[in-house]
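Residue numbers (our numbering), protein chains in the order written: chain L, -18 to 425; chain U, 4 to 305.
Built from N, CA and C at the ideal position, the CB exists for glycine as well.
Beneath this line is the structure, given in structure tokens, with notes to follow.
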């Protein structure tokens, strides 16, 4: 490297100053950095992570990918409606399993389930010719009927209770809705949810109401009947009203979740994980404390072992820490935000150890060259150039591991791999360029 | 110090270290967490220190709800419970019953993993370890391609991987023992630790190998085992100093890093210590052993 150490020194100083500015707390005087903050993972921020499996039984093979994307869109919309900050919604296909992975920071499991509304499927049921004219008189009759059914035909119990045996699920569903709103019944003043169907939906609804005049049609949500009105006359306008004994609040909630779109397919829970926010911040504080302590220990250790060289390595180490922290912060405003997790912090703290390793390699080499009778200057250059191959090879091996971890890992493992990889790359810069420039400036 | 001359002693020591763990693996198996088997995990926190009556009450309430309890552990103010897969309704019911009994309880963490996901995680972990090892052999073989005779670059790669597999087995063995006696679990964080150990131990081994490569070029026709021994001695300061810094950091993490990463740190700590030992006393002596065997074969042919 023939570059003059002076210009490199200025570059390093400039880099350090900007890193310090980025890392300053965002309140008060330094408010221009307020958009930069760590993107914290669920284990630090608290929140819920869910893995859902889309039930694709009813769909053809070639429609399934599309349906999965539709599920993602619906969940995306719903998290927005409920104002969840920084939700993550991803899809994954594993063999024959179609999955959606949802991470909702700051939301507990119960709230998360309301938001996603796994089974918030609107459906309309009607009676068929084979339906019993007489409804079940009591629970026992209903249970008797259920026991006669073959396993494949499963009717929601609440539908059977209002429609009798063998009801039919019509082809009208949540997908046929154009919009919904909340209104109030003109006579009773009670809140109600008003539905407006799309043109195809209106046609389906007209058909259903025409063939069921005088009969009961059940409207169910999540297989729970919310209303079972008797049809007085065919409704051809494509408007309907649900008056299922709502409070204003529950009417609003229903309208909102219907508006955000009904899920095209039912979802099942494969995995759920909720972390309380206090637990997260406790873990964060603990690991940051451990990290700070670790840096102090290394500074003492290096100074004892290598004297003046050790102090320079320690300064390089502190610059290293500042740089990695600002990379993590800056990434939060790019599309490639690095999520900080507990294991990610562990990876970062570990990379501090690896950053020091490069310096130890170089210093040991310099000691050797000095012993072989070389001048300080020669020892410095030889130390760096001869240690380089082992620094390069060992760090590439670490990067390979990070790459594989990232490919096969999920969530926290990925965070660990990414922070470790950034740490390894920056450590090569700090150990070689920064330390060398300092040494050259001092020993000129 | 003549490490290569006493290499058979060190090989015996290495065997002595690994055997208890291997026996434990075969005898007791691994204590796999719900990450791999599927199930539920709960963390309950109390305002005051937990006593054994409370632990027993939690156990009874779960059993009354027909939920199979795999383990219950307590620390100062926390109770950790592992059970068969529990759904949200079962969990809500459990918590409401619990709240009637103890006013100051709070569920800090609840996790359920289906068995399908568990199997996948296990498979991915195995794949990751396999692929990482293969890629590292390839890289070392490529990077050491100019290594002079009498050795070959592939040997460097394979010896590094044998040392690596040794390290991984020792750590897994330690956790088989910990799993049996202290109920320590192998979870996906443990897999992360294993992969990091792989990275580190290769890191350590490469530093020694790099010096062997350099010395082979410099010393030319000198005795192979003497060259290797000199290389080990030249790098031993660095190896020990580096490991010491990492070990110091890990001890800080172990003491102050909190409960949730404690065993992760223990896995890393044992892996780093074993890895350093292995890079000095296993990897390079293996290279020499290989050389000696191939020399003998050549002589037998003559």
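If you ignore the 5 residues before and after residue 135 of chain U, its C-beta comes within less than 7 Å of the C-beta of 198, 201, all in its own chain and listed in chain order. In the DSSP assignment, residue 20 of chain L forms a beta bridge with L:320. The DSSP assignment places complete beta strand (DSSP E) segments of no fewer than 3 residues inside the region 239 to 327 of chain L at 248 to 256, in order along the chain. Interface flag for residue 107 of chain U against chain L is unset, since no Cβ pair is found closer than 8 Å. Relative to residue 96 of chain L, the option among L:104, L:106, L:85 whose CA is nearest is L:85.
If you look at residue 181 of chain L, you'll find it in the alpha helix (DSSP H) that goes 180 to 192. From the beta-carbon of residue 300 of chain U, no residue of chain L is found nearer than 9 Å; the closest lies around 30 Å away. Counting the other CB atoms within 10 Å of its CB gives residue 216 of chain U a total of 16 or more, which places it among the buried residues. When only Cα atoms are considered, residue 4 of chain L and residue 165 of chain U end up about 43 Å apart. Within the region 54 to 87 of chain U, the complete alpha helix (DSSP H) runs of at least 4 residues fall at 55 to 67.
By the criterion of at least three beta-carbon pairs nearer than 8 Å, the region 125 to 133 of chain U is not in contact with the region 80 to 87 of chain U.
Look at the region 254 to 281 of chain U: the residues with a C-beta under 9 Å from a C-beta of chain L are 254, 255, 256, 257, 258, 259, 260, 261, 262, 263, 264, 267, 268, 271, 275. By the neighbour-count criterion, in which 16 or more other beta carbons inside 10 Å mark a residue as buried, residue 179 of chain U falls on the buried side.
About 3 Å separates the Cβ atoms of residue 27 of chain L and residue 258 of chain L, confirming a contact at the 8 Å cut-off. For residue 411 of chain L, no chain U residue has a C-beta closer than 7 Å to its own C-beta; the minimum C-beta separation is roughly 15 Å. Residues of chain U whose Cβ lies closer than 7 Å to the Cβ of residue 1 of chain L do not exist; the shortest such Cβ separation is about 23 Å.
Between the alpha carbons of residue 148 of chain U and residue 340 of chain L lies a gap of roughly 26 Å. In this structure, residue 140 of chain U lies near residue 160 of chain U, with their beta-carbon atoms less than 8 Å apart.
Pairing residue 221 of chain L with residue 212 of chain L, the inter-Cα distance amounts to about 11 Å. For the set U:214, U:292, U:289, U:117, the Cα lying nearest the Cα of residue 349 of chain L is the one of U:214. In the structure shown, residue 146 of chain L falls within a coil segment according to DSSP collapsed to helix, strand and coil. Residue-level contact check: residue 169 of chain U does not touch chain L, since none of the beta carbons of chain L fall below 8 Å from its beta carbon. Closer than 8 Å to the CB of residue 202 of chain U there is at least one CB belonging to chain L.
For the pair residue 253 of chain L and residue 114 of chain U, the CB atoms are nearer than the 8 Å cut-off.
In its chain, beyond the 5 residues on either side, no residue has a beta carbon closer than 8 Å to the beta carbon of residue 244 of chain U. With distances taken between CA atoms, residue 32 of chain L lies nearest to L:251 out of L:24, L:105, L:223, L:251.
In the same chain as residue 296 of chain L, and ignoring 5 residues on each side of it, no C-beta atom comes closer than 6 Å to its own. Taken through DSSP and simplified to helix, strand or coil, residue 82 of chain L comes out as strand. Residue 285 of chain U places its beta carbon 8 Å or farther from that of residue 142 of chain U. The alpha-carbon separation between residue 332 of chain L and residue 274 of chain L amounts to approximately 15 Å. According to DSSP, residue pairing for residue 175 of chain L in a beta bridge involves L:162, L:222. Under the three-pair Cβ rule at 8 Å, the region 270 to 290 of chain U counts as touching the region 5 to 23 of chain U. Contact note: residue 331 of chain L reaches chain U through 199, 203, 249, 252, 253, 256, 271, using a C-beta cutoff of 9 Å and chain order.
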